[in-house]
Structure formats: structure tokens, C-alpha cells
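Structure first, then comments.
In full-length UniProt numbering, the protein residues as written are 1 to 721.
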């Protein structure tokens, strides 16, 4: 009996072990299947990633090969050319091999940056056929010809350095600046003239250097590098952004790529040192040939022939006068050993005669548009939104030194005059008021100290249209609908914040009309008075982020991401547009319906993984907005988080404090031409009379972000996070 019981017990244990074994096998099989499934998914994802990566590589490679890669130097001309171009210059041998011919090398002379052919010298009327014949017959050598033509091939000496009269020392321009012997502005202008006429000069070692070489050797400091490289393009040529062709200094000036007064200064320096430079042929030209090639014209000749304040772009540190480059060169000395022209620094006497003229150097500040590469004035940059109001004032004050004086005429009448101590320009305030250049409101703003004298002077000169302040008041209990269009003085938000909010609207579909809720193209918004011409110039770039950027060569439409990648859109603006689009529903691809997710954008090669990661990291977004309530810097994401949603309209409202009972608000108020007191004509049903707000797009579905005063009671709001 006991044996039977023992056997039953063992059998039960065996059955249990068998079940456990089966369960273990089942679990192992399940784990194996899960592993295989995970491996399949991993393989699929890896394959998809590799395909997108390979597609991106192929696209980038194609783009690079589509652009003409000039990675080879022609041994004859020393110019950079593509491999295909070099093949065209080869001769085919009997065995079919391509052979690069050097047989014409003896018929070349050294130009500013590359070798120049004898045929080109004949075309340029620098030599005649007889001289070329003498060269072929060996009557003159290449070296002798080069020496004869030095004026055209290299140019005469520019102002190469500084000679200190008291110590008899010869210094480079940069050394003299570092020793506080000449002002930084004076030093830069002289270095810029060197770069624009051929080379940066080391007067100590008598070396001619390119800008990059000069910076590397410490002849000039790295702080001047970028600006001098820009000036050096007067020798190597400017790139036409539309045709891709190389153009001269004068042509760049005519196309607006550089400012006229800046171009005149560099052109005058070229003429003073041997002639106008043809960057394509790398040598200077006789005036008649320059006319024929479109590198000079009668108008420019007239300007340069009659020196005025516009052409006197160089400063004499001895007399503190503004001179032309030629006039300044005439006051220099020539080093007998090197033949270099040196600026003589005389020992200044302790006693100085008083003068009615300001001894402060008239300075012209130049700003380069990062989108087009064009140079522009400070005011133009401010109008386009490239600089903010504070920067505009700082730079404008470097150009001019305005002050108000009172003059009494012979009949005892007093006149208020705004005068620039640097240039001598002056404007009669009463006359400007009578001519309509300013209105009484602008004058009152200036008198009360709310309008800087620099801005007021721009109005008087006709550079800036005056703004009219609405007469209605607002306080903690009153508010009115208000677009975020920035004015010169806006209590709800600073100028740059209003502009950025309008950019956000433009890059996601259009400017929002608060009276109808419509999204309008910038041009339509202008016609309705929602924005003015100045603001249109500032936000046109943002509208392109929605409509698409046009490739100048292919005319194809590009998204903001693609334009940023190709360098047609500068980084700061491009990143802002992408952030706003991502936050409001996804990226926008021109001529494609709907928004594009980041994952889809990566697959379509619109952006790379790194850009996608930056967009996902919303905590790292740039804080380029000023909160109208707290005055703290916030990002667009922060603004969305702090906003409220108006029930019934879906409009987002960004709370703003009403800081004053004196209405200094935007002249481009959404109320249009009507009064801003209390209510506005044509206001949207459901909005309070005088509710104070201005919209910017906050979602892909068309909701808008608005400003709302901190006190509100009748309209219901909800905060959305």
C-alpha cells in the first residue's frame, strides 16, 4: 500500500514537472516570437532611416554637383574653374588623352588676382598691336611690359601706413590705431581703401597681402576681417544674387547691393590709385574703356569731379577735415626706400584754435541685409525690421550729433533749429510743420521728451513720416481693440515685439483682421489699414515663409526650412518662422495643402534630424518677445502658455497692463481711421466696446493671439494651457 502511495506521489510530481516544462517552453517560444517581431520592426525602421538618409545624401550631392564647383586652378590665368571648364581648355592628343596646354603662358602678365592675356590688354586699349608685336618678336620682355603697365596691372600706391613725425617711426594703419594715434573709424576707412584697391599693405616689410593673409599675420585685427573681406570684393567682384554673375563695384552700387556713398568712397580710392578695377579681368581700366564696359558713367564722373560732403569720405587726423582720398593722398609723404605712400602724423600743438565746426568725424554706418546682401542705411534697416528701435537710435547717434538751437532774425523773430554738429545740416521746425513733414502731435511728443531728437530729426529731413497719436485716453478701466502693429511709442508692447507677432501671423497664413476674423495677405492688410508700408517691408520676409521663397535660378518655390538650408534666409529669422509654424500645427510647404509634421518633414528632406530636435526642444526657444504685462523676455511658446482664449471667438489674448491714462498707442490701430474713444466702428459682434487687444496667430486652425488689458469684466475669458 505504501509503495502504491509513493508511486502516485511520484506520478503527480512528474505530471507537475511536465506542465512546468511545457509552460517554460511556451514562454520561451513567446519570447522568441517577440524578439523576432522586435527585430523585424527594428529592421524596418533602420531601413526607412537609411533610405531617408541616403535620399538626403543624394539630394545634397546633387545640389553640390548642380552648382558649378570651381575647385581647380587654371595654371595660365590662376582663376578658379570647374573640372568641366578645364577640360574645355585642353587639347586632345593623338592617343585621345586630354592635355592641358601651357604654350600660351609666355603671353600672360600678372594682374591683381590672376594672369591677364595680351589679347585682353589690347581689348582694354592698355597696349596697342605694335607693342604686342614687339613682345612676340622678343624686342621687349614680359617683365619689361609688366613694369610699363604697373599702373593698370597693380595700381599706384595707396595710403599704406603712417609716418609719425615726432619719432620718425613707420607704422601700419592698425598699429597706429592700437597706439591711439588715429581713431578706429579713420583706421578702418584707410584699411578699407587698401582692400578695395588691391591688397592690405604691411609698410614695415613692404608686403602686399590679401585680407585673410593680413589677418593671419596680425597686420589687421580679426574685428575688421568681415568688413574688409566685403571691401575686397571691389577687387575680386561682387556676386549678383539673381544671375550669379560677377559684377564690379560700380555695378553693385547701381544694383543697390552696396550703399551709394559707400561705393563712391571705394570707387574714388580706386580712381586715385590707378583706375577702376574690372574684377572679371583682374586689372584696372582707362576711363573710356570703363565707360564702354558699363563700369562707370557720366553721372558718377560728375559726382567724383565735383568734391562735396558726399565724396569726402576720409578724415585728416592732423586738421580734422573731411577730404576725398586724392586730397588726403596729396597731404601724405612717399617713403624713398619702398615708394609707399604714408600718412604723415604731425605733432599737435598744445594750444588749439577754437572753431565753429565740430571736430567730431562724420561717420556713415552701413548695415548689410542678410537676405539680399544689399547695404542699407540705419533708417532703412530699421524700416525693414533688421534692427530694433534701441539699436536704431544708437547707430543713428553715431552718424549724427543733433542739437536744438534758437536763432533770432534781424526783425527779432526767434526760430527753433535742429542742427547736426557733424555735417552742418539744419532744419527749421516751424518750416517743417508748415510743409507737413511733421504734425503738431509729433512736435508735442518731442517737446514732452517722448520722442528722441534723432527720430525727430529724421522726420524733419523727410526720412520718416510722422505718427499721429490718438486723442482718446485709456486707464485701468478702459481698453480698445488694438493690432500688434508697433509704433514708435507703444505702451502695450515694445516695437520689436509687435513686429514679431505680426511676423508670426504672416508666416502662418496672413494678417488677422479683428473685425472679421479673416486672415489676409500682407498687401490686403495694407489696403485695409491693418499695417502700414513700413511694417509691410518688415514682414514681407515672413510672408515668404508661408507662400514660399523663389529660387532665383530655377524659379521653384522653397519652404522656409529649405531656404534656410540653402542660405537664402538668415538663421535667426528662419528659426523664428519654423518655431511658430511648428507650434501652430506643423511646418508649411509651399503649394502643399495642410501642415507637415516633423517626422514627415524629415522623410521629405525638408529638415534634418538636428533641426527637428531643436524644434521639439521648446524650452530652448529664443526669448525674443517682451511680455506686455511683466516686461520680461519670453519665447513664442511662453506667450502661448500665458495667453487666454476669448469664448465665442476663439481668439487668444495676451494680457497687458494699462500703464497710463494718456493714449500713446499705435497709429495703425485696427480701428482704422475712426476714433479710438470708447468703441470702434465696425467692431466684431461680441467684443467689448474698447477692448484692448492685438492678434497674432497661435494655432494652425486660425486662432489668434491678442493683447488684453489686465482689467476686464464683461467679456468671459478662459485660460488655455
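Glycine included, each C-beta is placed from N, C-alpha and C at the ideal position. Remember, it's a predicted structure, so these values are computed and weren't measured experimentally.
(message) Based on DSSP bridge pairs, tell me the residues matched to residue 73.
(response) 80
| Three-state secondary structure (DSSP) of residue 420 | strand
| said: Buried or exposed, going by whether 16 or more other CB atoms sit within 10 Å of the CB of residue 180? | reply: exposed
*So residue 118 is in the alpha helix (DSSP H); what residue range does that whole segment cover?*
118-123
**Request:** For the region 525-588, list the beta strand (DSSP E) runs that are entirely contained and at least 3 residues long, ordered along the chain.
**Result:** none
Would you say residue 99 lies against chain B (beta-carbon separation less than 7 Å)?
The structure shown contains no chain B; it holds only a single protein chain.
**Message:** If I measure Cβ to Cβ from residue 365 and keep anything under 7 Å in the same chain, skipping five residues before and after, which residues do I get?
**Reply:** 378, 395, 398, 399
task = Tell me where the alpha helix (DSSP H) around residue 146 begins and ends.
result = 142-148
- Task: Mind checking who residue 163 pairs with in its DSSP beta bridge?
- Result: 170, 344
Quiz item: Which residue's Cα is closest to the Cα of residue 277: 453, 156, 314?
Solution: 156
If I measure Cβ to Cβ from residue 110 and keep anything under 8 Å in the same chain, skipping five residues before and after, which residues do I get? 116, 146, 153
Per the DSSP calculation, residue 634 is bridged to which residue(s)? 625
Subject >> residue 432 versus residue 444 - alpha carbon distance >> reply: 14 Å
task = Can you tell me which of the three DSSP states residue 505 falls into?
result = helix
What's the C-alpha gap between residue 171 and residue 88? 48 Å
Alpha carbon to alpha carbon, how far is residue 271 from residue 149?
16 Å
Pull up the DSSP beta-bridge partners for residue 95, would you.
-> In DSSP, residue 95 forms no bridge with anything.
Problem set entry | Alpha-carbon spacing of residue 134 relative to residue 140, whole angstroms | 6 Å
Between 339, 302, 522, 418, which has its C-alpha nearest residue 206's C-alpha?
339
According to the Cβ coordinates, are residue 344 and residue 163 closer than 7 Å? yes
* When you compare only the Cα positions, how much space is there between residue 43 and residue 589? -> 30 Å
### Query
Once you ignore the five residues that flank residue 273 on each side, which residues in its own chain have a CB closer than 6 Å to its CB?
155, 156, 158, 197
When burial is assigned at 16 or more other CB atoms within 10 Å of the CB, is residue 332 buried or exposed?
buried
* Candidates 637, 174, 611: which alpha carbon is nearest residue 619's? -> 637
Worksheet item: What separation, rounded to the nearest whole angstrom, lies between the Cα atoms of residue 268 and residue 584?
Response: 52 Å
Does the count of Cβ pairs from the region 516-527 and the region 560-569 closer than 8 Å reach three? no
What whole-angstrom Cβ distance do residue 220 and residue 200 have, given they're in contact under 8 Å?
-> 6 Å
Check your understanding: Is DSSP giving residue 456 helix, strand or coil here?
Key -> helix
task: Compute the Euclidean distance between the alpha carbons of residue 285 and residue 303, then round it to the nearest angstrom.
output: 19 Å
Through-space distance from residue 327 to residue 186, alpha-carbon basis: 15 Å
| task | Could you say if the region 500-517 and the region 534-542 meet the contact criterion of at least three C-beta pairs nearer than 8 Å? | result | yes
- request: Pull up the distance between the alpha-carbon of residue 118 and that of residue 132, whole angstroms please.
  value: 7 Å
- Candidates 254, 250, 592, 262, of which the one nearest residue 275 by Cα: 250
Item to check | Cross-strand partners of residue 246 (DSSP beta bridge) | outcome: 239
Q) According to the neighbour-count rule (16 or more other Cβ atoms, all chains shown, within 10 Å of its Cβ), is residue 124 buried or exposed? A) buried
As assigned by DSSP and simplified to three states, the class of residue 219 | coil
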